[in-house]
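Engineer:
Numbering (our numbering), first residue to last: 4 to 327.
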């Protein structure tokens, strides 16, 4: 890399002892170093297994944190791609210190780690708590990480089955007019849950477990009257439940079960005047022991960088007033 893209501050010098990992750390044609330069406004100069970091003190410190965190990933056998570089930069920029704890979820197809400090807290909470509410905008990993934890726990024998549910609010009372049987009618509303499963497990294994009911993907209405024991249960898009539906769902919790409720209170699709069951539950259950709440913000969006800007633009709109 060529120095000179940033100036100021005393250069920091890093040396990495495993020469086999250095090319993976730097990336093809040093593209990982170039990404860190671009994101943090520093200059990185590499020679052999050494990197000199030049730039303003805060940015240079962040770059050192990023490089050390990525090197630790590689030493742990985890891959480093541009997405991991972006995640390490995101975490290093956060105001409360060094890199987030490296919590890893192992599934048959993927090894997954947190890409923001809140995600790290979320993974820790999922591992420790029986009932978790996860709130925040799209792209923060609320449901994806919950499905990953569910798959890992089932593979480890800690739960016998996974139950994934969503309210089919968009269909309303029109399900009877849609073509096909009931599953064909509701599956489009459950598709994101299937997508997450296929990211974690081979397709044929997902198919077998769906047939055997080791994995169940069902609309919320199918939960009524049941007790879900020895299961990892996830309710997605919970902002679109009614208060009655939410109480019904939460009281399905059985022995040796985990329950995760995810939602975005800025995206409620209920009819005007109807209270969101998610908002209602958060109010009623505030302070109840054994219930954990994790709140994500647009800073935790880990999809394409443009998604973060889109979320922020929509969040800012009410402040400007609606314009038709």
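Backbone N, C-alpha and C define an ideal beta-carbon position, used for all residues, glycine too.
Since this is a predicted model, take the numbers as computed values, not measurements.
1. Leaving out five residues before and five after residue 116 in sequence, what residues of the same chain have Cβ atoms less than 7 angstroms from its Cβ?
2. Put residue 135 into one of helix, strand or coil per three-state DSSP.
3. List the residues that DSSP assigns as beta-bridge partners of residue 235.
4. Going straight from the alpha carbon of residue 158 to that of residue 129, what length do you get?
5. On the DSSP bridge list, what partners appear for residue 2?
6. Under the assumption that residue 62 contacts residue 85 (Cβ atoms under 8 angstroms), give the Cβ distance between them as a whole number of angstroms.
7. For residue 222 and residue 287, what's the separation of their Cα atoms in angstroms?
8. Would you call the CB atoms of residue 166 and residue 219 closer than 8 angstroms?
9. By the DSSP assignment, the beta strand (DSSP E) with residue 47 in it spans what residues?
10. Contact check, residue 136 vs residue 285 under 8 angstroms by CB: the rounded distance?
11. Going along the chain, which residues of its own chain have a beta-carbon closer than 7 angstroms to the beta-carbon of residue 278, five neighbours each way excluded?
12. The beta strand (DSSP E) spanning residue 97 covers which residue range?
13. Looking at the secondary structure, which residues open and close the beta strand (DSSP E) in which residue 298 lies?
14. If contacts are defined as beta-carbon pairs under 8 angstroms, then residue 2 and residue 299 qualify, I think. What distance do you get, rounded to the angstrom?
15. Jot down the residue ranges of each uninterrupted alpha helix (DSSP H) in the segment 17-47, minimum 4 residues, whole runs only, in chain order.
16. Do residue 195 and residue 143 come within 8 angstroms of each other at the CB atom, strictly closer than that value?
Structural biologist: From the atom records:
1. Counting only Cβ-Cβ distances below 7 angstroms, and skipping sequence neighbours, we find 81, 105, 106, 107.
2. Residue 135 sits in a strand when the DSSP states are folded into three classes.
3. 165, 261
4. 16 angstroms
5. For the chain, the structure presents residues 4 to 327; residue 2 sits outside this window and is missing.
6. Not quite, the Cβ-Cβ distance comes to about 19 angstroms (not below 8 angstroms), so this is no contact.
7. 24 angstroms
8. yes
9. 46-50
10. 7 angstroms
11. 246
12. Neither: residue 97 is in no beta strand (DSSP E) and is coded neither H nor E.
13. That run of the beta strand (DSSP E) goes 294-298.
14. What is shown of the chain runs 4 to 327, which leaves residue 2 out entirely.
15. 25-29, 34-43
16. Against a cut-off of 8 angstroms, the Cβ pair of residue 195 and residue 143 comes out as no contact.
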